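Chains as they are written, first to last, in the numbering used here: chain E, 1 to 143; chain G, 1001 to 1143.
Using N, Cα and C, we set each Cβ at its ideal position, and we do this for glycine too.
Bear in mind that the values here come from a model prediction, so they are computed numbers and not experimental data.
Number of protein chains: 2
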Amino acid sequence: MPEANQFFRRLKQHGYKITPQRQAILQCLLDNPGHHSAEEIHQIIKTHYPHISLDTVYRNLHTMVALGLVIALNFADGRNRYELATEEHHHHLICLSCGQSEQIDFCPLSYMADTISRERNFTICKHSFEIYGYCHNCRQNQK
Amino acid sequence: MPEANQFFRRLKQHGYKITPQRQAILQCLLDNPGHHSAEEIHQIIKTHYPHISLDTVYRNLHTMVALGLVIALNFADGRNRYELATEEHHHHLICLSCGQSEQIDFCPLSYMADTISRERNFTICKHSFEIYGYCHNCRQNQK
DNA sequence: GTAGGTGCAAACAATTTGCACAGTA
DNA sequence: TACTGTGCAAATTGTTTGCACCTAC
């Protein structure tokens, strides 16, 4: 696992042990680009590592977010999604019918961040920009 | 309640009855501009209408969102916020420490909506754009 | 060997639902 | 009167936590 090593190194640097569970979670995120819920990640890992518990997935995603290895997204369905922090920064078009999402490369914050920090005296940590609606396929099927 | 009548009319048009609970919820949103969680709305109403149940608040907010009278916002803390659909469209700066929010009048979608609908073949229903960080006060206090 | 990590089960918080009764139209 | 709406309690969903055992280092 070539790419994975940089993540293991960063875990170690912060005093975290490299357990098989942590390896599996990172490998899963590397192998499956895009955002996934904790439940999805758990299901994917279980196919080749049946004994991992959902709690462990949550716990480790949480620490990986805290270390900046992983980014957490909150979508409108009340379920968090996670993706590797290395992925290009982007936002999403999310279909309310099939749940599929496409990327939007444009980020409004890139134009606003400086102005907001300065004029509003606000330290920006993270942001969300997601667009919900119906994709081409689902619109067709509903007619 | 002058302003409230237009909402009652729209409920009636769709075959919904005007119950005191529904009146109280709408009045609460009219009297308290901005977004509030279901729990907050329930607490506010209980001060002068002690017998309303939280379930009823949820149920009615849900139908009001479906009718377009109310808008639901999902913030990062996993609790939905609701505001009247008549309020000026805006987004938020949300402090991760004190939870207070300020409005941002700028909406990135106003510049992108047409392009996305056309180029991505996507029917836009709603969107989120919220910026999280630390407000001036909280940054001061943490030092 | 030892501290941190895991799995299990139980706890939690936000929200939804089934059901019998109550209240609007 | 008829049927929608309500309150209560219980169920559900996503996530967190306490605890005893396990394992990476």
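Please confirm whether residue i has its beta-carbon closer than 7 Å to some beta-carbon of chain G.
i         : result
Ala85(E)  : no
Ile124(E) : yes
Leu54(E)  : no
Leu93(E)  : yes
Among all the DSSP beta bridges, which residues are the ones paired with residue i?
i          : result
Ile1124(G) : Gly133(E)
Tyr1082(G) : His1036(G), Ala1072(G)
Ile1041(G) : Its beta-bridge partners do not exist; DSSP assigns none.
Ser101(E)  : Ile94(E)
Do you know offhand how far residue i's Cα is from residue j's?
i          : j          : result
Glu1083(G) : Cys1028(G) : 10 Å
Cys125(E)  : Gly1133(G) : 5 Å
Ala1072(G) : Val1065(G) : 7 Å
Thr123(E)  : Phe75(E)   : 23 Å
His145(E)  : Leu69(E)   : The requested residue 145(E) does not occur in the structure, where chain E is confined to residues 1 to 143.
Gln103(E)  : Leu1011(G) : 37 Å
Cys107(E)  : Leu67(E)   : 23 Å
Leu30(E)   : Leu96(E)   : 26 Å
Taking 7 Å as the CB-CB cut-off, is residue i touching chain E?
i          : result
Gly1068(G) : no
Gly1099(G) : no
Ser1128(G) : yes
Arg1081(G) : no
Ala1004(G) : no
Does DSSP put residue i in a helix, in a strand, or in coil?
i          : result
Glu1088(G) : coil
Phe1106(G) : coil
Glu3(E)    : coil
Pro20(E)   : helix
His51(E)   : coil
Asp1031(G) : helix
Lys1062(G) : The sequence given here has His at residue 1062(G), not Lys. Looking at His1062(G) - three-state DSSP - the assignment turns out to be helix.
Touching by the beta-carbon criterion (3+ pairs, under 8 Å), the stretch 15–34 of chain E and the stretch 52–65 of chain E: yes
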